[in-house]
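> A single structure is presented below for examination.
There are 2 protein chains.
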Amino acid sequence: MEEKLRRLREILREVYALRRSAALLWWDQATKMPPGGAAGRGEQLATLGRLAHERFTSEEVGELLEALAPVAKEMPYDSDEAALIRVTKRLYERETRKPAEFVARLARHTSESYAVWRRARPENDFVAVAPYLERSLELGRELAGFYEHEHIADPLIAESDYGMNTKRVRKLFSELREALVPLVAEITEKPPVDDSCLLKELPAQEQLAFAAEMVSHFGYDFSSGRQDLTAHPFAVKVSTPQDVRITTRIRPGDLRDPLFSTLHEAGHGMYEQGIDQNLAWTPLDRGASAGLHESQSRLWENVVGRSRECWEHFLPRLKERFPGHFDGVSLEEFHRAINKVERSLIRTDADEVTYNLHVILRFDFEVAMLEGDLEVRDLPEAWRGRMREDLGIEPPDDRDGVLQDAHWYDGIVGGKFQGYSLGNIMGAQLYAAALEAHPEVPEEISRGNFGTLHGWLKENVYRHGSKYTSEEILEHATGSGITTEPYLEYLRGKYTEIYDL
Amino acid sequence: MEEKLRRLREILREVYALRRSAALLWWDQATKMPPGGAAGRGEQLATLGRLAHERFTSEEVGELLEALAPVAKEMPYDSDEAALIRVTKRLYERETRKPAEFVARLARHTSESYAVWRRARPENDFVAVAPYLERSLELGRELAGFYEHEHIADPLIAESDYGMNTKRVRKLFSELREALVPLVAEITEKPPVDDSCLLKELPAQEQLAFAAEMVSHFGYDFSSGRQDLTAHPFAVKVSTPQDVRITTRIRPGDLRDPLFSTLHEAGHGMYEQGIDQNLAWTPLDRGASAGLHESQSRLWENVVGRSRECWEHFLPRLKERFPGHFDGVSLEEFHRAINKVERSLIRTDADEVTYNLHVILRFDFEVAMLEGDLEVRDLPEAWRGRMREDLGIEPPDDRDGVLQDAHWYDGIVGGKFQGYSLGNIMGAQLYAAALEAHPEVPEEISRGNFGTLHGWLKENVYRHGSKYTSEEILEHATGSGITTEPYLEYLRGKYTEIYDL
């Protein structure tokens with residue numbers, strides 16, 4: 001058994017050395033690569049991806065897992081070895097049930113569909129993407145069909161949020177929606193917040209440096225990471241232990257974009273940096289689910305990064321860094337400005353309160369389309385209706401409506417959006433639990449000390465990687481499964497004060 | 001046969017996708033990687049290297065080559081297919097003759113030896129490296145033994161300079177040495193050149209930008225490349241067609257380091273960028289030999305980059321870029337300063353005239369050690385003696401003597417140095433041929449127009465990649481095999497004028 005486990009680890013090292021190398025190629029493509037490299041980079045990524053997939057889904061791995069699975073069941077559930085066998089087996093089964101022919105067909109469709117969407121969005125041409133969207137739906141259904149399921153969307157949700165299913169997500173999201181639609185209505189009846197203090201032309205390098213200073217304080221480790229510019233910010237692990245990089249972008253005249261996208265990506269980054277070194281070069285060396293990952297980006301971006309305590313410490317530093325730009329700005333004014341709530345069209349620009357309504361709309365439509373209750377051709381109209389209903393605003397065109405996100409045009413439809421709001425829910429739960437364990441956290445934050453919070457998260461979430469499911473981690477850390485209460489309480493408390501509700 | 005050739009190309013695509021990916025990992029390590037990534041990067045590089053080697057040396061490739069070789073002989077020698085089969089077969093035979101056990105042993109020795117050298121050099125501790133150097137010599141002899149040879153150093157020379165051998169290099173180098181020792185003596189009897197006009201503290205970013213401006217004019221294409229900082233400058237192809245990156249470094253108070261290292265690396269870069277796209281993802285998609293590669297870096301760095309004509313165009317631009325720093329400097333003064341000849345200890349800092357004497361010394365000692373005519377323990381004393389004899393200067397310690405280059409401590413001894421001086425020789429030959437074809441080149445250069453020269457080199461050298469041997473390329477381009485005459489003529493002419501000999 002020792003020998004079989006050693007051999008399994010050896011193969012996994014190779015698979016993950018290839019996958020992390022592909023991640024570096026991808027990072028380079030998004031940050032450094034000259035245009036001349038584009039054609040060849042696709043070839044390189046395809047080769048590394050194929051080799052990693054072939055090795056991971058090889059018969060040898062199947063035989064090793066078959067032999068090791070019964071042994072793992074005898075081991076303590078908490079042991080690294082048991083977890084390694086358990087999780088690898090789950091992923092192996094998931095991967096090997098997809099026929100190679102399907103994977104190739106999906107890859108071809110994905111690149112075609114994405115190319116069509118890239119042209120269609122600026123041209124506001126939903127008709128052009130509609131047949132591709134139909135195909136993406138069919139492919140989503142076909143993928144779901146490879147696995148046993150209660151609901152057609154369940155296997156697609158489980159791809160990124162293992163342990164979740166349609167029924168549970170629906171219940172959570174309807175709780176959110178019921179609370180948030182009236183909250184948004186209530187807030188937007190109040191006089192709008194003045195955020196003009198944020199609309200400044202500031203030197204780009206200084207904006208990046210200030211954001212880097214903040215996340216260094218949070219606990220993002222630049223000796224195991226770096227920050228670069230890109231078009232669509234992301235965080236990525238390119239080697240282990242640990243080289244986890246974050247990216248951001250500059251938007252002229254608005255400090256918020258580089259600042260909060262850096263805090264967001266650093267949340268993802270700290271999660272990955274904090275994974276136990278023993279789990280390196282295995283499938284355990286990554287966050288437990290899309291939702292739990294997002295809980296960390298949203299916790300650091302919003303719960304911490306848009307809190308009054310955080311800016312008690314950082315506003316004076318901001319004033320020092322940009323002399324003359326924020327001189328007369330009070331903490332109150334700044335705090336209100338960075339938490340301004342608005343009825344808006346674009347999900348990725350939405351504030352903390354309205355954001356979830358954008359996500360829930362997409363999730364509901366995904367499920368409805370998979371079920372056959374919503375036809376692709378009716379989608380634009382359904383989108384406008386739901387936006388009116390939930391957000392009191394309607395997109396003037398499809399460009400800023402149903403065409404705005406790449407997700408549905410980038411492969412299958414299904415399981416693409418739930419993680420964003422699950423993350424908000426779990427982030428608030430985890431923060432509440434950290435506060436219960438360490439009531440001094442807000443006071444520490446106001447002095448620029450994030451160590452207790454970061455330490456608690458590392459101990460309770462980060463270090464485990466994918467050793468446990470996100471639900472197991474949440475239960476262990478907070479004493480409860482996923483629940484919307486702490487999140488809704490947090491939102492209501494914060495915005496009641498800001499908007500004097 | 002079509003099918004066999006298609007399959008061979010398919011395997012080679014995979015091999016070179018892996019190798020170029022490894023090159024990107026290596027570039028990243030040298031330019032961007034945070035310290036935390038170091039441990040994992042070794043794992044990634046080892047995995048990609050192993051997979052590429054396994055695929056390239058597989059039995060299937062052997063069988064394909066065996067079947068294709070007779071067909072290739074029927075094809076026109078100049079066809080891409082014939083060249084592909086011919087060159088792949090040569091490399092396949094070279095690689096497969098090295099037993100896997102030897103390769104593993106060499107890899108272990110290399111990393112140990114290099115680590116010992118890294119500590120020993122600052123401590124001036126030759127005794128510490130001596131046993132490793134013995135072992136490197138033995139490994140060099142063992143490697144040579146896998147191939148038929150006249151002289152023990154021949155297969156080692158052929159590893160990087162295919163077509164060359166000990167006898168031919170010795171003959172060329174003795175011609176160089178006979179001419180250069182007296183030339184150096186003659187020059188250094190003259191009053192030293194004043195290079196104080198170059199010793200300026202200039203903003204680092206502007207130095208890089210100016211160097212980038214120069215190489216853009218030369219023909220280095222930034223849309224298929226980029227420039228970054230590193231400790232030891234290099235050029236590397238990370239994807240094809242084409243992403244070829246160059247690196248440089250800043251030395252406080254001396255413009256020469258970033259400037260001329262950029263011109264040098266851009267020479268390598270233009271060679272790789274200029275290779276015909278049809279040769280992508282094959283062994284033909286690289287320069288034909290170490291020496292021919294160096295001919296291009298040295299041609300652009302020295303023959304062009306330190307010419308009066310070049311600075312007729314660029315000195316006014318330098319003055320504009322760094323206002324106040326070069327105001328009173330005349331073209332004469334600047335040209336003399338960048339061509340200052342000195343008796344100096346360090347090869348990589350040496351001027352154009354003395355440089356080859358450093359290289360020839362190393363080549364002669366490599367060969368003598370391999371032959372058994374020079375013992376490792378006698379090397380430091382031999383080094384001092386030869387430096388005195390050839391350069392009239394003696395290193396005060398081994399740090400700046402026998403310990404100065406990594407080459408002998410980084411694997412085997414043998415075949416490591418000849419390319420540097422072969423490059424100088426061939427660079428001058430090619431430049432002379434370009435001038436014969438286009439006598440207007442110097443005049444064009446003085447107007448900042450490098451297109452004719454770059455075009456001639458691309459047509460006659462770059463586009464062929466490794467389709468032909470460097471000797472074939474040279475003969476076709478210049479009408480002659482390798483000969484020292486044009487190089488010695490160039491040096492004598494240039495320095496007679498500068499030093500008023």
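Line by line, the protein sequences are chains D and R. Per the working numbering, the very first residue in the first sequence carries number 1; after that it's consecutive. Per the working numbering, the very first residue in the second sequence carries number 1; after that it's consecutive. Every residue gets a Cβ at the ideal spot worked out from N, C-alpha and C, and that includes glycine.
Would you mind sorting alanine 235 (chain D) into buried or exposed? The rule is 16 or more other CB atoms within 10 Å of its CB.
As a working note, residue 235 (chain D) is residue 235 in the first sequence. The residue in question, alanine 235 (chain D), is buried, as its Cβ has 16 or more Cβ neighbours within 10 Å.
> Taking lysine 32 (chain D) as the query, report the chain R residues whose CB atoms sit under 8 Å from its CB, ordered along the chain.
As a first step, residue 32 (chain D) is located in the first sequence; it is residue number 32 there, counting from the start. The contacting residues are Lys32 and Arg226.
> Have a look at alanine 30 (chain D) and arginine 41 (chain D) and give me their C-alpha separation to the nearest angstrom.
Stepping through the first sequence from its first residue, residue 30 (chain D) is reached at position 30. Stepping through the first sequence from its first residue, residue 41 (chain D) is reached at position 41. Distance between the alpha carbons of alanine 30 (chain D) and arginine 41 (chain D) is about 11 Å.
> Can you have a look at alanine 425 (chain D) and say buried or exposed, based on whether 16 or more other CB atoms are within 10 angstroms of its CB?
Position 425 of the first sequence, counted from the start, is the residue given in the question as residue 425 (chain D). It should be pointed out that residue 425 (chain D) corresponds to isoleucine in this sequence rather than to alanine. It counts as buried.
> Taking 8 Å as the CB-CB cut-off, is serine 21 (chain R) touching chain D?
Here the question's residue 21 (chain R) lines up with position 21 in the second sequence. True, the Cβ-Cβ gap to chain D drops below 8 Å.
> Let me check understanding here. Comparing Cα to Cα, which of R:Asp243, R:Pro131 and R:Ala46 lies closest to alanine 39 (chain D)?
As a first step, residue 39 (chain D) must be located in the first sequence, where it is residue number 39. The candidate whose alpha carbon is nearest that of alanine 39 (chain D) is R:Asp243.
> In chain order, which alpha helix (DSSP H) runs of at least 4 residues are fully inside the region 154–232 of chain R?
The region 154–232 of chain R contains these whole alpha helix (DSSP H) runs: 154–160, 166–189 and 204–218.
> So, under 8 Å CB-CB, glutamate 309 (chain D) and glycine 419 (chain D) are touching, yes? Tell me the CB distance rounded to an integer number of Å.
By 1-based counting over the first sequence, the position of residue 309 (chain D) is 309. By 1-based counting over the first sequence, the position of residue 419 (chain D) is 419. The Cβ separation is near 27 Å, so there is no contact.
> In or out: proline 203 (chain R) buried (at least 16 other Cβ within 10 Å) or exposed?
The residue given as residue 203 (chain R) occupies position 203 in the second sequence. When all chains shown are included, proline 203 (chain R) counts as exposed.
> What is the DSSP secondary structure of isoleucine 425 (chain D), counted as helix, strand or coil?
Taking the first residue of the first sequence as 1, we reach residue 425 (chain D) at position 425. Looking at isoleucine 425 (chain D) - three-state DSSP - the assignment turns out to be helix.
> Answer yes or no: does any C-beta atom of chain R fall closer than 8 Å to that of aspartate 285 (chain D)?
As a first step, residue 285 (chain D) must be located in the first sequence, where it is residue number 285. Aspartate 285 (chain D) does not count as touching chain R.
> Counting C-beta neighbours from all protein chains within 10 Å, is the total for tyrosine 271 (chain R) 16 or more, i.e. buried, or is it exposed?
Within the second sequence, numbered from 1, the residue matching residue 271 (chain R) stands at position 271. Buried is the call here.
> Drop a sphere of 10 angstroms on the beta-carbon of tyrosine 77 (chain D), count the other beta-carbons inside from all chains shown, and report buried for 16 or more, exposed for fewer.
Your numbering for residue 77 (chain D) matches position 77 in the first sequence. The residue is exposed, with fewer than 16 neighbouring Cβ atoms inside 10 Å.
> Going by beta carbon distance, what residues of the same chain come within less than 8 Å of arginine 105 (chain R), once the five residues before and after it are set aside?
On the second sequence, position 105 is the one that residue 105 (chain R) refers to. Only Leu139 meet the Cβ criterion.
> Where does arginine 251 (chain D) fall in DSSP's three states?
Position 251 of the first sequence holds residue 251 (chain D). Arginine 251 (chain D) falls in the strand class under three-state DSSP.
> Hey, could you find the ends of the beta strand (DSSP E) alanine 235 (chain R) is sitting in?
For the purposes of this step, residue 235 (chain R) is taken as the residue at position 235 of the second sequence. From DSSP, the beta strand (DSSP E) with alanine 235 (chain R) extends over 235–239.
> Between which two residues does the alpha helix (DSSP H) carrying leucine 48 (chain D) extend?
In the first sequence, residue 48 (chain D) corresponds to position 48, counting from 1. That run of the alpha helix (DSSP H) goes 38–56.
> Measuring CB atoms only, is the region 175–182 of chain R touching the region 286–306 of chain R, in the sense that at least three cross pairs come out at less than 8 Å?
No, the region 175–182 of chain R does not touch the region 286–306 of chain R.
> Judging by CA-CA distance, which residue of R:Tyr499, R:Tyr132, R:Asp398 and R:Gly267 is the nearest neighbour of aspartate 221 (chain R)?
Against the second sequence, residue 221 (chain R) aligns to sequence position 221. Closest option to aspartate 221 (chain R), Cα to Cα, is R:Gly267.
> For the alpha helix (DSSP H) that contains tryptophan 311 (chain R), what are its first and last residues?
Position 311 of the second sequence, counting from 1, holds the residue named residue 311 (chain R). Counting along the chain, the alpha helix (DSSP H) containing tryptophan 311 (chain R) begins and ends at 308–321.
> From the DSSP output, in three-state form, read off aspartate 276 (chain D) for me.
Within the first sequence, the letter at position 276 stands for residue 276 (chain D). DSSP places aspartate 276 (chain D) in coil when its eight states are reduced to three.
> Could you compute how far the alpha carbon of glycine 269 (chain R) sits from the alpha carbon of serine 224 (chain R)?
Looking up residue 269 (chain R) in the second sequence gives position 269. Looking up residue 224 (chain R) in the second sequence gives position 224. If I take the Cα positions, the gap works out to 10 Å.
> Measure the C-alpha to C-alpha separation of glycine 427 (chain D) and alanine 211 (chain D) and round it to an integer number of angstroms.
What you label residue 427 (chain D) is simply residue 427 of the first sequence in a count that begins at 1. What you label residue 211 (chain D) is simply residue 211 of the first sequence in a count that begins at 1. Taking the straight line from one Cα to the other gives about 21 Å.
> When burial is assigned at 16 or more other CB atoms within 10 Å of the CB, is proline 70 (chain R) buried or exposed?
Numbered from its first residue, the second sequence carries residue 70 (chain R) at position 70. Result: exposed.
> From serine 307 (chain R) to asparagine 356 (chain R), what distance separates their C-alpha atoms?
Stepping through the second sequence from its first residue, residue 307 (chain R) is reached at position 307. Stepping through the second sequence from its first residue, residue 356 (chain R) is reached at position 356. Distance between the alpha carbons of serine 307 (chain R) and asparagine 356 (chain R): 19 Å.
> DSSP has arginine 245 (chain R) in a bridge; who is on the other side?
As a working note, residue 245 (chain R) is residue 245 in the second sequence. Bridge partners of arginine 245 (chain R): R:Val236.
> Got a sec: which bits of the region 236–263 of chain R sit with their beta carbon under 9 Å from any beta carbon on chain D, in order along the chain?
Hits within the stretch, in order: Val238, Ser239, Thr240, Pro241, Gln242, Asp243, Val244 and Arg245.
> Tell me which residues share the same chain as methionine 528 (chain D) and place their Cβ nearer than 8 Å to its Cβ, disregarding the 5 neighbours each side in the sequence.
No information on residue 528 (chain D) is available, as it lies outside the stretch 1 to 501 that chain D covers here.
> Is there a C-beta anywhere in chain R that falls below 8 Å from the one on phenylalanine 222 (chain D)?
Here the question's residue 222 (chain D) lines up with position 222 in the first sequence. Chain R contact via Cβ: present.
> Can you check whether the C-beta of glutamate 513 (chain R) is within less than 8 Å of a C-beta belonging to chain D?
A question about residue 513 (chain R) goes unanswered here, because the residues of chain R that appear run from 1 up to 501.
> Which residues bound the alpha helix (DSSP H) around threonine 452 (chain R)?
Along the second sequence, one-based indexing puts residue 452 (chain R) at 452. Start and end: 451–460.
> From alanine 72 (chain D) to alanine 288 (chain D), what does the alpha carbon distance come to, in whole angstroms?
In the first sequence, the residue the question calls residue 72 (chain D) occupies position 72. In the first sequence, the residue the question calls residue 288 (chain D) occupies position 288. Whole-angstrom Cα-Cα distance: 20 Å.
> Does the region 188–198 of chain D come close enough to the region 332–341 of chain D to have 3 or more Cβ pairs within less than 8 Å?
Yes, the region 188–198 of chain D touches the region 332–341 of chain D.
> For arginine 20 (chain D), count the other beta carbons within 10 Å of its own beta carbon; 16 or more makes it buried, fewer makes it exposed. Which is it?
Taking the first sequence and counting its residues from 1, one reaches residue 20 (chain D) at position 20. The residue in question, arginine 20 (chain D), is buried, as its Cβ has 16 or more Cβ neighbours within 10 Å.
> Determine the extent of the alpha helix (DSSP H) in which methionine 369 (chain D) is found, giving its start and end residues.
Residue numbering aside, residue 369 (chain D) sits at position 369 when the first sequence is read from its first letter. Methionine 369 (chain D) -> alpha helix (DSSP H) spans 355–371.
> Give the range of the alpha helix (DSSP H) segment to which proline 540 (chain R) is assigned.
Outside the displayed span of chain R (1 to 501) sits residue 540 (chain R), for which this structure offers no information.
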